[in-house]
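Numbering of the sequence shown is given in my numbering, commencing with residue 27 and proceeding in unit increments. The beta carbon of each residue, even a glycine, is placed where N, CA and C say it ideally should be. Accompanying notes for the structure given below.
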Amino acid sequence: MAIFLALFSSGLWGSADFEGGRLSKRFPAIAVTGASQVMGLALGVVVVIVTGAWRTPAFGQNGYLISGVLAGAAGYIGLICLYAGLATGRMGVVSPISSLCAIVPVTIALAGGEHLSYLQAVGIAVALAGAFCASGPEITGGVSLRPLLLAIGAASGFGTALTFMARGSVSSALMTMVMMRVTTAAISGTLALKFRTMGGFTRRDLGSLAYIGIADFSANLFVGIASTHGLVSVVMVLGSLFPIMTALLAFKILHERLHRVQYVGIVLAVAGVAIISAA
C-alpha cells in the first residue's frame, strides 16, 4: 500500500513538474507556482468539506497546522527554484540535484530512530542513483552558478517540505496538505498585490495550471498517507523518483532524446523499487 502510493505520487509530481517547467518558459516561475497552488487549494477545500476532516485537532503534539505551514513555505521555495531552473534550459543540472531531496527526510528519519534492513538500505541507494541518472545529468561541459544554486534550493526546499509533511500527516494528511496550500496561497496573494499582476495568464493556460495544482496536491496527499503506513525513509525515496516521469514526458511530448545515462537511471530506479519491495 505505502509503496504503491509513494510511486503514484512520484508519477503525479513528475507530470506536474513537466508542465510547470513548460509554462515557466513563457511566464515567471513565481506566477506559475502561485496560480497552480491556488488551484490545488480549491480542490483541497472541497475534499475537506466533503470528508469533514476540518474537525481534526490542529494543535497538540502531532497537530497538523504548524507542520503544514512550514511544509508549505519550504515547498513553495522549492517549486520556485525548480521551475526557474527548468526554465533556464539546464534540466541536466537542476532536475538531477533536485531529485536528491529525499536525502533530507531520510537522514532525519534515521536520526529519529528508524531502522532499515540491509536490503532496504541497498534499495534506497540504488533508487536514488536511478532518479539522479534518469534526470539526464550533464557530465560534460561547465556548470554555471545560477542553475546549480537553483537546484540546491529546490532539493533543500522539497526535502524540508517532505519532512514536515510526514510529521503533520500523523495527525491528518489531508489537513496538512490543505494548510500547505493555504500558506502558499497567502504568499502568492501578497506577491500579486505587491507587484500588481496575476501573472498574465490567458484562459487557455487555466487547464495547465489546474492540472499542475491538482496533481501536485494529490501527490502530496498520497505521499503523506503513505508515510503513515510505512517507513518514512522508504516512502520519501520512492516519492522522489519523479524525474523519471518528467524525462519520459519530455521524450514523448517534446521529442527530447533520452541519453544513455537516463536509460541506465530508469533501470536502476526499477531495480531499487524491486529490492525495496522484496525487503
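State buried or exposed for residue i, treating a residue as buried only when at least 16 other CB atoms are found within 10 Å of its CB.
{"i": "GLY111", "result": "buried"}
{"i": "LEU145", "result": "exposed"}
{"i": "SER62", "result": "buried"}
{"i": "TRP80", "result": "exposed"}
{"i": "TYR90", "result": "buried"}
{"i": "THR94", "result": "Checking the sequence shown, residue 94 turns out to be Gly, not Thr. Its Cβ being crowded by 16 or more others within 10 Å, GLY94 is buried."}
{"i": "ARG229", "result": "exposed"}
{"i": "LEU247", "result": "buried"}
{"i": "ILE75", "result": "exposed"}
{"i": "THR189", "result": "buried"}
{"i": "SER198", "result": "buried"}
{"i": "THR216", "result": "exposed"}
{"i": "ILE302", "result": "buried"}
{"i": "GLY139", "result": "exposed"}
{"i": "ARG52", "result": "exposed"}
{"i": "ILE279", "result": "exposed"}
{"i": "LEU257", "result": "buried"}
{"i": "THR59", "result": "buried"}
{"i": "ALA135", "result": "buried"}
{"i": "VAL204", "result": "buried"}
Going by beta carbon distance, what residues of the same chain come within less than 7 Å of residue i, once the five residues before and after it are set aside?
{"i": "CYS107", "result": "LEU176, GLY179, ALA180 and GLY183"}
{"i": "GLU45", "result": "SER234, TYR237 and ILE238"}
{"i": "ASP43", "result": "LEU108, PHE268 and THR272"}
{"i": "PHE277", "result": "LEU284"}
{"i": "PHE85", "result": "LEU91"}
{"i": "ILE213", "result": "TYR102"}
{"i": "ALA295", "result": "ALA153, GLY156, ALA157, ALA160, LEU267 and ILE270"}
{"i": "ALA99", "result": "THR209"}
{"i": "HIS255", "result": "MET27 and ALA28"}
{"i": "THR186", "result": "ALA100 and VAL130"}
{"i": "GLY66", "result": "ARG207, GLY239, ILE240, ASP242 and PHE243"}
{"i": "GLY47", "result": "TYR109, LEU112 and ALA113"}
Can you tell me where the alpha helix (DSSP H) holding residue i begins and where it ends?
{"i": "PHE85", "result": "It is not in any alpha helix (DSSP H) - PHE85 carries neither H nor E in the DSSP assignment."}
{"i": "GLY104", "result": "91-113"}
Report the three-state DSSP secondary structure of residue i (helix, strand or coil).
{"i": "GLU140", "result": "coil"}
{"i": "PRO122", "result": "helix"}
{"i": "ARG311", "result": "Outside the shown range of the chain, which is 27 to 305, sits residue 311, and nothing can be said about it."}
{"i": "GLY37", "result": "helix"}
{"i": "PRO163", "result": "coil"}
{"i": "MET27", "result": "coil"}
{"i": "GLY149", "result": "helix"}
{"i": "GLY183", "result": "helix"}
{"i": "THR228", "result": "coil"}
{"i": "GLY70", "result": "helix"}
{"i": "GLY78", "result": "coil"}
Among residues of its own chain, excluding the 5 on either side of residue i, which ones have a beta-carbon nearer than 8 Å to its beta-carbon?
{"i": "VAL299", "result": "ILE29, LEU33, GLY149, ALA153, LEU264 and LEU267"}
{"i": "THR77", "result": "LEU200"}
Closer than 7 Å to a non-hydrogen atom of the ligand MG - does that hold for the CB of residue i?
{"i": "VAL260", "result": "Among the components modelled here there is no ligand, and therefore nothing to report on the ligand MG."}
Between residue i and the rest of its own chain, which residues show a CB-CB distance below 6 Å, the 5 nearest in sequence each way excluded?
{"i": "SER36", "result": "GLY265, LEU267 and PHE268"}
{"i": "LEU69", "result": "ILE240 and PHE243"}
{"i": "ALA364", "result": "No answer is possible for residue 364: the residues shown for the chain start at 27 and end at 305."}
{"i": "ALA128", "result": "MET262, VAL263 and SER266"}
{"i": "MET201", "result": "ALA79, THR82 and TYR90"}
{"i": "GLN288", "result": "ALA160, GLY162 and ALA273"}
{"i": "GLU282", "result": "ALA276"}
Which ranges would you report for the alpha helix (DSSP H) in the stretch 232-299 if only whole runs of at least 4 residues count?
232-253, 258-265 and 268-279
At 3 residues or longer, what runs of the beta strand (DSSP E) sit wholly inside the stretch 39-65?
none
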